[in-house]
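Note that this note's numbering has the sequence shown beginning at 4, numbered continuously upward.
Ideal Cβ positions, reconstructed from N, Cα and C, are used throughout, including at glycine.
Okay, so here's the structure we're looking at.
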Amino acid sequence: HAEGWVFVEVKRARDHASAASRLNRSQIQRMFQTAEEFCQTFAQGQLCAMRFDLALVNAEAGVEILENALYND
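What follows is the structure, encoded as structure tokens:
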């Protein structure tokens, strides 16, 4: 993909703050690992451009997207 890949973790709860609190470290690590494995299928490997977003869904189906919310340290 010429512009890079966007990987999104979706969390749902009564409100956006509660949804964000449902994300734990093991889920984040699994997301990074999955993205790395996916990018390995391309010639540029882990050098492919990636962004990690968080989508928060509240009880009223309101969605808040946090771009670049997750970083692989």
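Per-residue DSSP class, three states only, for residue i
i   : result
E40 : helix
L73 : coil
H4  : Annotation note: pLDDT 45 at H4 (below 50); position unreliable, coordinate value reported separately. Reduced to three states, the DSSP call for H4 is coil.
Rounded C-alpha distance that separates residue i from residue j
i   : j   : result
H4  : I68 : Because the pLDDT of H4 is 45, which lies under 50, any placement of that residue in the model is unreliable, and the number read from its coordinates should be weighed accordingly. Rounded to the nearest angstrom, the two C-alpha atoms are 21 Å apart.
C42 : N27 : 23 Å
A16 : E63 : 10 Å
G48 : V11 : 19 Å
C51 : T44 : 10 Å
V13 : A46 : 29 Å
E40 : E6  : 18 Å
Cβ-Cβ distance between residue i and residue j below 7 Å
i   : j   : result
N61 : H19 : yes
Top-ranked residue by Cα proximity to residue i, from the options
i   : options            : result
M34 : L59, M53, V66, G7  : M53
R86 : E63, G65, L57, Y74 : In the structure displayed, the chain extends from 4 to 76; residue 86 sits before or after that span and is not available.
V66 : A22, V9, A38       : A22
W8  : L59, A38, S29      : A38
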